Structures are given as C-alpha cells and as structure tokens.
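Colleague: The sequence shown begins at 13 in the working numbering and counts up by one.
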Amino acid sequence: MGRIAVKYGKWILVASVILLVISILLSSRLQMVTNFTNLMPSENLVLKAQLDFENTFGLGERVYVVFEGSKEERHTAIDAIKERFDLTTKVVDYYAGNETTDGVLAYLDSANGTTTMVIVEPNIDTNEFAKSRKDFFDYLQSTISELESGQDSGALQIGFTGGNFVQDDEADRVMEEGIFGTLFLTLAAIIGCVVIAFKKVKLPLALGYPLFFGVALTAAVGYLIFSEFNLFSVFFAVVLFGLGIDFGVHLLARYFEEIKLGKSIEESITTAIKTTGASIVIGALTTAGAFYSFTFTEFKGFQQMGTLAGTGILILAMSMLILVPCMIPILHKSKLSEATSKQVNDLPQYSLKVVAVVTVILILVGVWGTGSQKYTFNMQEIYPKEMSSTRWQAKLEKAYDTRLTDLTVKVKGESVVHELVEVLENRSDIEEVVSVFTFLPEGMTLEQALPYLPAVLKDQYIANDVYRIDIKSTGDIWDRAYYNELNQVVASITGEQIVGFSAIMIALGEVVIKDVVSVSLLCLAVIVVLLVLLFRKPKYVVLAFAPMLLSTVTTFGLMHFLSIPLNIISIVAFPMIIGISIDSSVHLVHRLTHEPSGISETLKAISLTGITTILGFGALATINHRGLSSLGATVALGMLISLLVNISVFGILGVRSNAVESKDTSGSGAVA
Numbered sequence: 013m014g015r016i017a018v019k020y021g022k023w024i025l026v027a028s029v030i031l032l033v034i035s036i037l038l039s040s041r042l043q044m045v046t047n048f049t050n051l052m053p054s055e056n057l058v059l060k061a062q063l064d065f066e067n068t069f070g071l072g073e074r075v076y077v078v079f080e081g082s083k084e085e086r087h088t089a090i091d092a093i094k095e096r097f098d099l100t101t102k103v104v105d106y107y108a109g110n111e112t113t114d115g116v117l118a119y120l121d122s123a124n125g126t127t128t129m130v131i132v133e134p135n136i137d138t139n140e141f142a143k144s145r146k147d148f149f150d151y152l153q154s155t156i157s158e159l160e161s162g163q164d165s166g167a168l169q170i171g172f173t174g175g176n177f178v179q180d181d182e183a184d185r186v187m188e189e190g191i192f193g194t195l196f197l198t199l200a201a202i203i204g205c206v207v208i209a210f211k212k213v214k215l216p217l218a219l220g221y222p223l224f225f226g227v228a229l230t231a232a233v234g235y236l237i238f239s240e241f242n243l244f245s246v247f248f249a250v251v252l253f254g255l256g257i258d259f260g261v262h263l264l265a266r267y268f269e270e271i272k273l274g275k276s277i278e279e280s281i282t283t284a285i286k287t288t289g290a291s292i293v294i295g296a297l298t299t300a301g302a303f304y305s306f307t308f309t310e311f312k313g314f315q316q317m318g319t320l321a322g323t324g325i326l327i328l329a330m331s332m333l334i335l336v337p338c339m340i341p342i343l344h345k346s347k348l349s350e351a352t353s354k355q356v357n358d359l360p361q362y363s364l365k366v367v368a369v370v371t372v373i374l375i376l377v378g379v380w381g382t383g384s385q386k387y388t389f390n391m392q393e394i395y396p397k398e399m400s401s402t403r404w405q406a407k408l409e410k411a412y413d414t415r416l417t418d419l420t421v422k423v424k425g426e427s428v429v430h431e432l433v434e435v436l437e438n439r440s441d442i443e444e445v446v447s448v449f450t451f452l453p454e455g456m457t458l459e460q461a462l463p464y465l466p467a468v469l470k471d472q473y474i475a476n477d478v479y480r481i482d483i484k485s486t487g488d489i490w491d492r493a494y495y496n497e498l499n500q501v502v503a504s505i506t507g508e509q510i511v512g513f514s515a516i517m518i519a520l521g522e523v524v525i526k527d528v529v530s531v532s533l534l535c536l537a538v539i540v541v542l543l544v545l546l547f548r549k550p551k552y553v554v555l556a557f558a559p560m561l562l563s564t565v566t567t568f569g570l571m572h573f574l575s576i577p578l579n580i581i582s583i584v585a586f587p588m589i590i591g592i593s594i595d596s597s598v599h600l601v602h603r604l605t606h607e608p609s610g611i612s613e614t615l616k617a618i619s620l621t622g623i624t625t626i627l628g629f630g631a632l633a634t635i636n637h638r639g640l641s642s643l644g645a646t647v648a649l650g651m652l653i654s655l656l657v658n659i660s661v662f663g664i665l666g667v668r669s670n671a672v673e674s675k676d677t678s679g680s681g682a683v684a
C-alpha cells in the first residue's frame, strides 16, 4: 500500500479532483425541503385529516401584511403594492368580507386607526413548495423594502406575518445562514486544532481536501438518490465533517508514530494502513451500521438522514484511507529523524484520577436527571429568537384584538356545525369559534344569505355540505394533554380530527419520540452484533459498548440541569451520539487487543478527535436557531462525556498495561 501511494499518488489525486468537480456540479442541484407534512408516515391519522382538509378547502395559506404610519402613507403604500402582485396572488380583506377581482386590493384599518392590514393568499406550487414559497417571500420583501425606502418621513413601517407558513420560511433562512455561515469557520477551527496538536502544518492542513471531497461526493450520491434533502438530512454534513476528520487524524497519528521509530515514509504508510486503517474500517462499518438502522423508522426525515450519514461515513473513511497516503509522500519531505520530538506523542498528559472522579460524578448526576427530562412539542421554542414575523404577529393581534387561527376542523352537515359551536362556545378556554355562520346577518339563514356572501368567504368556509370551523383557543395548544382533550371533544361530535400546524407537530413529535426510542434500540442491537463479530470475546464487546451507553444516558440526564431543551430536533442527537461515540471505543479496543502497549498513543489521538467533534457540533450551539442550537449543544455534550469516559476507562487500562509490560521487561532482564 505504501509503495502504491508513493508511486501513483499524484495520479490518484488528479483523478480525485476530476471526481470532486463532478460531485460539486451534481450536489449544486440539491434543494432543501422543510415541509414537515412530507416527513410524516402516510398512514398517520392526523396527516390524513390534514390532507383531506386541504383537498376540500385548499392550502389556505395566508400572509398578513401590516402597515403602520399615517393613514395617507399606509393607503398609498397599499395602492403601490396592488400594482406589484399579478393575478396568481389573491389579495383579500378576509375580515371585512370584501373580495378582490382583477387585482383590486381591499384592506382593513384597525379600530384605533394606526394600523392597516391586508391578507395575501399566495398561489404556492405544491410540487416545488420550498422554491415557490421562497420566491414569493423574496418578492414580497423586496416590494416592502422599496416602499419603505421611498418614504421621506421614514415613519412608514411594513411587515408581514401569518403563522407557521411565514415563520417556517424565516426560520429556514436563519438556519441556512447559520449552517453555512459557521460551516467553513468550524472547518478552519478543526483543522487549526489538528495543526496545533501535530505541530506541523502541511499534512494536517491537507486533511481538509479528502474531508471536503468525501462530503461533496456524499452530497452528489444523495442528489442521485433523493434529488432533494429534508430538514434533518442537512445535519448529515455536520456529522460528516465531525467524523471525517477523525479518520484522517487517526491515520496521521499512527504514521507519525511509525516515523518516530525511524521507519521510512513508505514503511510508515504501510503500517498505518494495515493497523490503524483496519480500525478505521471497523469503526466506519460500525458507525455506518448504526446510522443505516435509521432507515427502518416511520419518520421519513430519519430514513433519508440515516441513508446519507451511513453512506457518507463509508465514503469518508475510504477517502481518507486512499487520499491521505497519496498526499504524505508529496507533502512530507523532511528527514525522518526530525519528526521525532514534536508529534502527537507530546500532547498534554491527563490526571486520570481527576478525570475519573469528574466522570463518575457527571454519570451519577446524569442518571439522576433522566427522570426530570420532558419533551416540548412547541415549535415556537424551536424557532429563532426575535423573528420579525413573530414581532409583527404580536402587533397585529394587539391592533385588531384577535388571535391568528391555528386549530381548524372540517364538519359535515349544518346541524353538526351548530352543535359543535355551541359546545365550544360554552368552554372557558375557547375565545372564539369562526364559521360561515359567523358572518350571516342577524335573522338570516345560510340559504337566504348565500347569494349575497362574497365568493372569497364561501370558498374559505363552504364546500358543498362540508363546513370549515376555526377554533381560537386561549389554552396551550402545544400541550399534548390539552390538545388531545380538545380533539377528543371535537371528534366525539364531528367524527373528524382537528387539523393545523400544532396538530401536525404534536402528531409528528409522537412519531419522532417513538422512532428515536426504536432506532436507538436498533442501533444498540446492530452495534452489539458487529462488536461480537469483530472482537469475539465478551469482555472486549462490553469494553467497547459500555462507554457509549454511559455517554448516551448521562447526556440525556444532564440536559435537564443545563437547560438544553428536548425537542423534535435535539432528540435526533441521541442516535447520533450512539453512532459517533462507538467509533472512538472501537479504535481503542482494537489497539488494546493488538498492541496494548500503544493504547496511550491511540488515547491521545482519540482526545484530539473528540475535541474536533465537540468543536464541530459546538459551533451549532451558537446559531440563532433554538432547535439547531439545542441539537449542537446536545451532541457536543455527548461527545464530551464520551471523551471523559474513554479517557477514564482506557487510560487506566493503559497504565496497567504499561505497568505489566515494565514488570515483564524488568523480570526478563533479571533472569538474563
């Protein structure tokens, strides 16, 4: 292997560059879709109810554009807006009951006369939901910016809101900016950490190439398989950056270890590939197997992420094993003897007793805290803080003394509508129940009023003998117990499920919780089987398995004390922690079974890779997206606990191994 790297390394690198260019071209076509509805199991009852509702009444997505300023400025701006929207966008004043025709705009002034609101119903292409939604909001925002900048007084303020439809778009933009804004800075910090640890520049810096190559190739494969990524699949890039660099670090650490013994470059490469390369393959197979187990879940977000992460782990392992040996002869030209004093071997020494005591305390506290952890279904606690759409929603609700509707139900039959409305209006937690009957003139029946009702109102609330009812609740609609109780009341009268964003997210959260538990158990089972096949002896299986299990349980409990929320995004961290932390244990056990005296060297490399992984996920914790931030914080915490456990367990084993070796050596000398 070393001879091939020396002789054909340049040609292999040239071929990799060509493949990299092709991968970048393919992956550039990827699109991210963040529609949570598309991630749910097709047989889910709430999803079926939501789709049935949309088939009956349409998507019904509404964007509330709010104007603040003098009456003249507000109405002038509104007149300007109507000229900017074509007929594919319907602009209506829903509450006033006015209908627009041929692009005519209707609007509604607030009671205090300081605010004007218009409602825009965008025509979103469901086949290209993400792109269509983005194009609409880009156009709306550019229009608003132009109108605001054109006012001399600067008093006119325009914003928009509209519940989850608007907030999802804004949150997605913040998330994308956060991920891509920190990705390369994080990569630079990780590479810098490796450079400092090895006290060399060229080779550690060069690890960035096979790392980027592997991620790009995985993205290209993902494009060929899926053509688009969902919200959870985007996380795979972070996983790969965190794990991919680990493979290269282990390979370089072993290479420099052999160089220190006075071996040639070719011999050192060969030894590194045969020994550490084997543990890299074993670790990659184990970790990939753990991630591939995600594909057996009902949640489609996990299915795609598992496929991408598992495939990416294997691609990155092969990238490092092939490309790093090819780069070594090109970049490492110094005399071999000069590489002996300032290498990984000189990494800081740890006080095992202190680390072990701290680790035990953290484990005990973590186990104690497991019973206090609670899952939050509230998407408002996942969105970025201080979003513009959230601020404008608060302004709108205050100005119009209303609440944006989130809970809706489809009802068949006029008599059932009246029965449900009566029951709901008698509840203290229901602020308002809105149906087509809400807009009827006093004393008129629906049949009498129907010819005079605006078409927009009829389209919104009537479909033959099927009626839409909007429920405005003062209760916590994100509380699962409250939602289930209210849904049971509605279903007992109508036979229908409540639909809406909170209903979808609660149902999705239940699916995710069930799948995380099942996929975690499946991960553990897959890992145990692989460990048994790889290490044979039970003690080595336990030695590799225990640190990972302790790290996962401890992290779950410590989240409560560190105020890290458990939500639909952060809960994904636990299968990740299982899949990632097992890699370190596999490297350590493999070294322990083959070369016990070298366990300290592998432990130092593990410490370095642990730090780089913590850096990678820790960077996510700084992003202004509370869901993504909680994921980064959870995985970073899990990796820290995993590192401490491995240092404690294998550090003690290393000391004992060295003591036994020293005793054997001194004993042999005495006999001699």
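For each residue, glycine too, the CB sits at the ideal point set by N, CA and C. Predicted, not measured: the structure shown is a model, and the values here were computed from it.
1. In terms of residues, what are the limits of the beta strand (DSSP E) holding K242?
2. Measuring only the C-alpha atoms, how far is G162 from Y151?
3. Compute the Euclidean distance between the alpha carbons of I510 and E497, then round it to the nearest angstrom.
4. Using a Cβ-Cβ cut-off of 6 Å (strictly less than) and excluding sequence neighbours within five positions of L348, which residues of its own chain qualify?
5. Using DSSP with H/G/I as helix, E/B as strand and the rest coil, what is K211?
6. Mapping DSSP to helix, strand and coil, what is K422?
7. Select from G226, I342, E607, E426 the residue whose C-alpha is nearest the C-alpha of F449.
8. What does a CB cutoff of less than 6 Å around I16 pick up in its chain, not counting 5 residues either side in sequence?
9. When you compare the CB positions of S305 and G318, do they come within less than 9 Å of one another, or not?
10. Whole beta strand (DSSP E) runs in the segment 413–483 with 3 or more residues, listed along the chain?
11. Do three or more CB pairs link the segment 515–532 to the segment 547–555 at distances below 8 Å?
12. Where does E133 fall in DSSP's three states?
13. Does the separation of the CB atoms of N658 and S596 fall below 9 Å?
14. Hey, L570 and I442: beta-carbon distance below 9 Å or not?
15. In whole angstroms, give me the CA-to-CA distance for G81 and S157.
16. Which of helix, strand or coil does DSSP assign to G171?
17. First and last residue of the alpha helix (DSSP H) that includes E613?
18. Just grab the DSSP bridge partners of T128 for me.
19. Throw me the rounded Cβ distance for the S563 and I589 pair, which I believe falls under 8 Å.
20. Among V601, Q315, M399, which residue has its Cα nearest to the Cα of A556?
21. In this structure, how does DSSP classify S485 when only helix, strand and coil are distinguished?
22. Looking only at C-alpha atoms, which of G324, M391, F79, F65 sits nearest to D488?
23. So which of F244, G190, L465, L419 has the shortest CA-CA distance to V58?
24. Could you name the residues of the same chain whose beta carbon sits closer than 8 Å to that of E73, not counting the 5 residues immediately before and after it, in chain order?
25. Looking at C-beta atoms only, is the number of pairs between the segment 182–189 and the segment 617–628 that lie closer than 8 Å three or more?
26. Would you mind sorting P559 into buried or exposed? The rule is 16 or more other CB atoms within 10 Å of its CB.
27. Measure the alpha-carbon distance for E111 versus N579 and round it to whole angstroms.
28. Out of I285, L364, A461, S447, which one is the CA nearest neighbour of I664?
29. Under 7 Å Cβ to Cβ from A200, same chain only, skipping five residues before and after it: list those, please.
30. What first and last residue would you give for the alpha helix (DSSP H) that runs through E158?
31. Just to confirm the assignment, what range does the alpha helix (DSSP H) spanning H572 have?
32. Rounded to whole angstroms, what is the Cα-Cα separation between V423 and P577?
33. Helix or strand or just coil, what does DSSP make of E182?
34. Rounded to whole angstroms, what is the Cα-Cα separation between W404 and E454?
35. Which whole-angstrom value is the C-beta distance of L42 and F241, which I expect to be below 8 Å?
36. Straight-line CA distance for V93 to Y473?
Modeller: Inspection of the coordinates gives the following:
1. With the sequence shown as reference, residue 242 is identified as Asn, and Lys is not the correct amino acid for it. Segment 240–242, the beta strand (DSSP E) holding N242.
2. 17 Å
3. 11 Å
4. At L348 the pLDDT is 43, less than 50, meaning the model places this residue with poor confidence; the figure from the coordinates comes in the next sentence. The answer, listed in chain order, is I271.
5. coil
6. strand
7. E426
8. none
9. yes
10. 419–424, 442–446
11. no
12. strand
13. yes
14. no
15. 15 Å
16. strand
17. 611–632
18. F79, D121
19. 6 Å
20. V601
21. strand
22. M391
23. L419
24. E133, P134, I136, G174, F177
25. no
26. buried
27. Its pLDDT being 42, under 50, E111 is placed unreliably by the model, and the measurement read from it follows with that caveat. So the two alpha carbons sit approximately 41 Å from each other.
28. L364
29. none
30. 141–161
31. 550–573
32. 37 Å
33. helix
34. 34 Å
35. 6 Å
36. Before going further, note that residue 93 is Ile rather than Val in the sequence given. Using only the alpha carbons, I get a separation of about 27 Å.
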